[in-house]
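Engineer: If you use the working numbering, the sequence shown corresponds to residues 194 to 331, in order.
Here it is: the structure, laid out below.
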Amino acid sequence: MDLGEQVGRWISFQKEHNLSAEETAKLLLDSFESKGLLKHRGGCHCGAIRFEVWASVDLHVFDCNCSICRKKQNRHFIVPASHFKLLQGAHNLTTYTFNSHNAKHTFCKTCGVQSFYTPRSNPNGYGRSEAKTEFHFY
Numbered sequence: 194m195d196l197g198e199q200v201g202r203w204i205s206f207q208k209e210h211n212l213s214a215e216e217t218a219k220l221l222l223d224s225f226e227s228k229g230l231l232k233h234r235g236g237c238h239c240g241a242i243r244f245e246v247w248a249s250v251d252l253h254v255f256d257c258n259c260s261i262c263r264k265k266q267n268r269h270f271i272v273p274a275s276h277f278k279l280l281q282g283a284h285n286l287t288t289y290t291f292n293s294h295n296a297k298h299t300f301c302k303t304c305g306v307q308s309f310y311t312p313r314s315n316p317n318g319y320g321r322s323e324a325k326t327e328f329h330f331y
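Given below as structure tokens:
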């Protein structure tokens, strides 16, 4: 492919996803740095909360053994904070903590769905249920 065709593809991608030149460049650089990762998007039931994460194509999910996750039957995967981006709804989030108050169970004020949380075991990451995640291949 010649350089002219590559520039055309970049501009088309930028327009299709309504991105600035800086956002497009960051996305392309992130995808080169994050080889083998896939963009996963998700959100709450009412749509107020939207986020994206970069994670493995083959998600390694596990059952959390804390009391709240056992009650919710929460199976989740964890990504580093640098691979998580809240797209919309920060104003509509509220947080529940208990016991040590280290884990931050974040959920939508409107519909009550927990879209993600900060695990006690990994405070620099985000936990995400694989059941509430959409997959987008780039």
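For each residue, glycine too, the CB sits at the ideal point set by N, CA and C.
Note that the coordinates shown come from a computational prediction; the quantities given were computed from them, not determined experimentally.
In this structure, does DSSP put K264 in helix, strand or coil?
Structural biologist: Correct three-state label for K264: helix.
Engineer: Spell out the partners DSSP gives H298 in its beta bridges.
Structural biologist: Y289, Y310
Engineer: Just the Cα atoms here: how many angstroms apart are K144 and I204?
Structural biologist: There is no way to answer for residue 144, as the model of the chain reaches only from 194 to 331.
Engineer: What are the residues that DSSP puts in a beta bridge with F244?
Structural biologist: According to DSSP, which records beta bridges pairwise, F244 is partnered with G235, L279.
Engineer: Please state whether DSSP places H269 in a helix, a strand or coil.
Structural biologist: strand
Engineer: When DSSP labels each residue in this structure, what does S213 get in the three-state scheme?
Structural biologist: Three-state DSSP puts S213 in coil, outside helix and strand.
Engineer: Are there 16 or more other CB atoms within 10 angstroms of the CB of Q307, so buried, or fewer, so exposed?
Structural biologist: By the 10 Å Cβ count, Q307 comes out buried.
Engineer: For my contact list, G318 and V272 are in at a C-beta cut-off of 8 Å; report their separation, rounded to the angstrom.
Structural biologist: 6 Å
Engineer: Classify K232 as buried or exposed, calling it buried when 16 or more other Cβ atoms lie within 10 Å of its own Cβ.
Structural biologist: buried
Engineer: Considering only the alpha carbon of each residue, which of R268, R263, G282, P316 lies closest to V254?
Structural biologist: R268
Engineer: Just to confirm, are T287 and K264 a CB contact at a threshold of 8 Å?
Structural biologist: no
Engineer: By Cβ distance below 7 Å, which residues in the same chain neighbour N315 in space, the five residues on each side in sequence not counted?
Structural biologist: I271
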